Amino acid sequence: MTKMADVNGIPYEQSELYRMRHTLAHVLAQAVLEVYPEAKLGIGPPIQDGFYYDFDLGTAENGKPRTFKPDDLPQLEARMRTIVAGKHDLRCREVSAAEAQALFADQPYKLELIDGLAQGQADADGNPLAEPVVISTYRHDNFEDLCRGPHLAHTGDIPVDGFKLMSVAGVYWRGDEKRPQLQRIYGTAWANKRDLQRHLRMLEEAKKRDHRTLGRQLEIYMMDEEIGPGLPLWLPNGNILREEIAKLAREMEDAGGYQQVSTPHIAKESLYVRSRHLPYYADSMYAPMDRDGSRYYLKPMNCPFHHKIYASKPRSYRDLPLRLAEYGMIYRYEQSGELFGLMRVRAAQQNDAHIYVPEAQFEAEFMAVMDLYRHYFRLFGIDKYVMRLSKHSKAGLGKKYVDNEVMWLKMEELVRQTMIRHHIPFVEAEDEAAFYGPKIDVQIWSAIGREFSLATNQVDFAQPASFNLTFTNRQGEEEMPLCIHRAPLGSHERFIGFLIEHYAGDFPVWLAPEQVRVIPITDEQNEYAVQLTRQMAHLGIRAHADLDGSRMNAKIRAAQVMKVPYMLIIGEREVREGTVSLRRRDGQRQQGVSPLAFISHVRERIEGRLADL
RNA sequence: GCCGACGUAGCUCAAUUGGCAGAGCAAUGCUCUUGUAAAGCAUAGGUUAUGGGUUCAAGUCCCAUCGUCGGCUCCA
């Protein structure tokens, strides 16, 4: 989770809302303890729109961990309201580590937190702390919790009808899948009933712009159980989006000095051993296919293939930067629980390229890629994103990351300084790098608020070495290039999934699968409608005539539901005058329009990739 | 992969405590020939995700598998 937004100009962490949510988390814990007195408490912080609390409910009669049932939520919520209505004061007190240990003697998770605090090593999230902190508790009614605060003065300040328990989830203690799984209850909380209802309505609205809902409605893609999880099929409308985006990317790459290549979807095991995908990335790869004693893998990335192309002949510094682009299909065995519509799939087409560049030219080339990103983002009107410098972690060296700390630090500094010199705002994140090097990821959010990496710009110092990639420099010496892996549009799947939500299905004209729908009022006008449609199709406009026997209003509705940018209504008058009546997706209308004027208006929007209708 | 929930017609959803599987939209046919977001009538559409089990009787209860969803872990 990235930093949360300010509330009325005050940092969220200092806002009244934050304290109220924090206090509600305590109230929830108290309510849970009333129902399950033996429950062990995890942590319970405020989050984006509310709060959560983690519990270990112990073991049930059947020997499995006890879990919350959905029926528990209304019951707990009712208890919470009763507690809130008790108007209990919250009292903070500072305690020594020994006192805290005595106080929470039967709370193993709290004891672990206390140990961390006592040693001045980690906060409740497990993040390292600079200096030892004071241990404090907050108490209200009969419930006392280890907590650094802040809280409301008393529970009477909590709006009784401003909160709601939302869902239950299993979560690993401290986010570590090797540790016990706790039960988390999520709640949302607001200053008053109206704000809560507005939030709930917003969630409903977000669902309507969810790419899974719109993807079906607009007939963009489908999934099929028999084909497999995470393996989308692109319907004709969706494929138009793919082709338009590919065309755009192709233009940009031609202009940027890229060369297009194509490579197979599978390769032998030894390739991935050399690239180090097998040691570092095997969990994300499909199981190998055995044929005649060789093992073949579906490719999870295009890079090893491009490295082979690079290595296929001696390279001179004059050839560099060498930019190899491929719209390659990649296959990744993502964990089943992670699949998510188009945003997280197992077969994806990447707008991929690998740029081989002497270290001396790295900055210019890296910036050319960043400029390309910003060009795309401007074109699509994407302004809500965060650039993230994704770094290695010391603990992951040799496990998740190639084991060369010197190079990691050097490359991270190289990227950091490049970004700073060019005044590009970014955040830094530990333990988010690719196994072969650090990267700049562009983080975006789905309609329902889930965070994803979209574009990525990566530095690879590892694979050029594994593949013995070299070039002859000006001095006649063999030198190793760096490799930049870049995917400004991420994958087609995720990018289009994101675009659907970004535009709420109202694609700009150049992207719209159907650009114009011609609607004759009666079948007397069918012939004119077909003639207009042919004329437009001839000029590269995606136009269709709706010759269905239904009424005009129904045809308009059908076109609106499909979010077709332009509707041309054709009645007796239009045929007589040789005009069209234009209705735009946004409801604006214009009568007596000349077909030629309309066509040139549309073509202008298509050719200029303009955002307006 | 883990925790929880869910799976009924192409889509959105019904179906009392276990008791004859239904509606709207979409599709198809016919009638209407219509002026800016849904005309009327009719027809067709289902092994209730799949496989077992309990029962006189299962969409409904139990088990397993597959899939989807909310999270966790992970990631383009």
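The first sequence begins at 1183 in my numbering and counts up by one.
No residue lacks a Cβ here, since even glycine has one placed at the ideal position from N, Cα and C.
Given the structure is predicted, the values throughout are model-derived calculations rather than measurements.
Using a 10 angstroms sphere on the CB of M1552, the tally of other CB atoms reaches 16 or more, which defines it as buried. Within a 10 Å sphere around the beta-carbon of S1494 sit fewer than 16 other beta-carbons, which makes this residue exposed. According to the DSSP assignment, F1325 belongs to no alpha helix (DSSP H) but to the beta strand (DSSP E) extending over F1325 to L1328. As for any beta strand (DSSP E) of minimum length 3 sitting wholly inside the stretch 1496-1579, the runs are 1504-1513, 1529-1539 and 1568-1572, ordered along the chain.
Taken through DSSP and simplified to helix, strand or coil, T1264 comes out as helix.
Comparing alpha-carbon positions, the option among A1279, Y1320, A1242 and K1251 lying closest to Q1212 turns out to be Y1320. A residue is called buried once 16 or more other Cβ atoms fall within 10 Å of its Cβ, and Q1707 is buried on that count. Assignment of alpha helix (DSSP H) within the stretch 1374-1414, counting only whole runs of 4 or more residues, yields 1375-1391 and 1393-1399 in chain order. Rounded to the nearest whole angstrom, the CA to CA distance from P1620 to K1592 is 10 Å. By the beta-carbon neighbour count (other beta carbons within 10 angstroms, threshold 16), H1208 is buried. Contact between I1296 and I1317 holds, since their C-beta atoms are separated by about 7 Å, short of 8 Å. Across the set A1644, H1604, T1704 and H1674, the C-alpha of H1674 shows the shortest separation from the C-alpha of M1511. For G1774, the uninterrupted beta strand (DSSP E) run begins and ends at R1771 to V1775, by DSSP. In this structure, the alpha-carbon of G1438 lies about 15 Å from that of F1544. Between S1457 and Q1645, the gap from beta carbon to beta carbon is short of 8 Å.
DSSP places R1275 within a strand segment (E or B) once states are collapsed to three. In the structure shown, the three-state DSSP call for R1724 is coil. In the structure shown, R1733 falls within a coil segment according to DSSP collapsed to helix, strand and coil. Straight through space, the alpha carbons of W1627 and G1369 are spaced by roughly 21 Å.
Boundaries of the beta strand (DSSP E) harbouring V1350: F1345 to Y1354, taken from the DSSP string. Secondary structure note for Q1645: its alpha helix (DSSP H) is the uninterrupted segment Q1645 to S1648. Exclusion of the five residues before and after Q1283 leaves L1293 and I1296 as the residues of its chain whose Cβ lies within less than 8 Å of its Cβ. Residue pairing by DSSP places R1321 opposite R1273 and E1326 in a beta bridge.
Ranked by Cα distance from F1780, the first of R1699, R1758, D1288 and T1704 is R1699. Taking 8 Å as the cut-off, the beta carbon of L1750 is found no closer than this to the beta carbon of I1703.
In this structure, the straight-line span from the alpha carbon of M1718 to that of K1375 is close to 53 Å.
Counting along the chain, I1448 sits inside the beta strand (DSSP E) bounded by residues I1448 to K1450. In this structure, G1412 lies near L1521, with their beta-carbon atoms less than 8 Å apart. Judged by DSSP secondary structure, A1371 falls within the beta strand (DSSP E) whose first and last residues are Q1363 to A1371.
Beyond the five residues adjoining it in sequence on each side, A1449 comes within less than 8 Å, by CB distance, of Y1478, Y1479, K1481, P1486 and F1487 in the same chain, given in chain order.
With fewer than 16 other Cβ atoms from the protein chains shown falling within 10 Å of its own Cβ, Q1713 counts as exposed.
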